[in-house]
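Residue numbers (my numbering): 1 to 199.
Ideal Cβ placement from N, Cα and C applies to all residues, glycine included.
Only one structure is covered here, and it is reproduced in the block below.
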Ligand code: GLN
């Protein structure tokens with residue numbers, strides 16, 4: 001990973017993701033401009049507010065370069081708001097997205113009672129020990145295309161998915177101390193690095 005991993009730093013829980021990456025030994029870089037984006041090997045879209053961030057992406061000229069790099073193979077991980085921004089579309093509202101992973105999401109899906117919760121989530125890809133997943137006004141995956149692998153479900157709804165170089169989680173691994181999702185993403189970045197050196 002020569003250049004490090006970027007965290008989109010327009011709004012949201014940026015510092016927590018930067019710290020999560022650093023705890024795993026990665027170089028973590030806040031991304032605010034297209035020039036910042038050019039310096040990173042991979043990008044995390046953090047939690048925040050998806051309609052606000054879509055507007056900011058437009059204003060900072062970052063939407064198109066993120067789409068181009070991700071379609072060219074750059075590993076991308078969206079958490080919560082980031083999952084919504086990366087999705088194909090959103091149920092029930094005309095909300096623009098970057099359309100980087102073939103999922104339809106429902107915003108604030110778990111209802112008021114369960115607005116925020118920590119759930120012991122089974123994620124077989126991370127091993128047999130459940131993952132302490134923090135959900136905050138989280139979306140769920142209402143539909144996914146055939147190329148999408150659902151990696152975890154809560155109450156029968158998809159909350160973690162992967163399609164090739166794109167990873168999406170409804171929950172916030174950056175707010176806890178279990179580093180396994182960050183490590184999983186960094187492994188995706190390493191594999192991508194190998195593939196592009198071999199090409
Ligand atoms: N509810 C927010 C949205 O729809 C996402 C919440 C989060 O990122 N924690 O954009």
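Minimum Cα-Cα distance from residue 32 among the listed residues 49, 50 and 63 corresponds to 63. Ranked by Cα distance from residue 106, the first of 140, 53, 116 and 8 is 140. Close CB contacts of residue 52 within its chain, under the 8 angstroms cut and outside five residues either way in sequence, are with 11 (chain order). Our two residues, residue 50 and residue 82, have alpha carbons roughly 7 angstroms apart in a direct line. Rounded to the nearest whole angstrom, the CA to CA distance from residue 154 to residue 121 is 7 angstroms. Counted as a single uninterrupted DSSP element, the stretch harbouring residue 74 is not any alpha helix (DSSP H), since DSSP gives it neither H nor E. Separation of the CB atoms of residue 103 and residue 161 is rounded to 6 angstroms, and the pair is thereby assigned contact status at 8 angstroms. Counting only residues whose CB is nearer than 6 angstroms to a non-hydrogen atom of the ligand GLN, the list in chain order is 47, 48, 49, 50, 80, 81, 84, 107, 108, 136 and 137. Here residue 172 carries a coil assignment [DSSP, helix/strand/coil]. By the beta-carbon neighbour count (other beta carbons within 10 angstroms, threshold 16), residue 116 is exposed.
Residue 37 places its beta carbon 8 angstroms or farther from that of residue 75. In this model, residue 175 and residue 24 are separated by some 14 angstroms (Cα to Cα).
Secondary structure of residue 162 (DSSP, three-state): strand. Counting C-beta pairs closer than 8 angstroms gives three or more between the stretch 162-169 and the stretch 135-149, which meets the contact rule. Nearest in C-alpha terms to residue 142, of all of 108, 19, 17 and 114, is 108. Judged by beta-carbon spacing, residue 86 lies within the 8 angstroms limit of residue 45, meaning their Cβ atoms are closer than that value. Counted as a single uninterrupted DSSP element, the alpha helix (DSSP H) harbouring residue 82 occupies residues 81-86.
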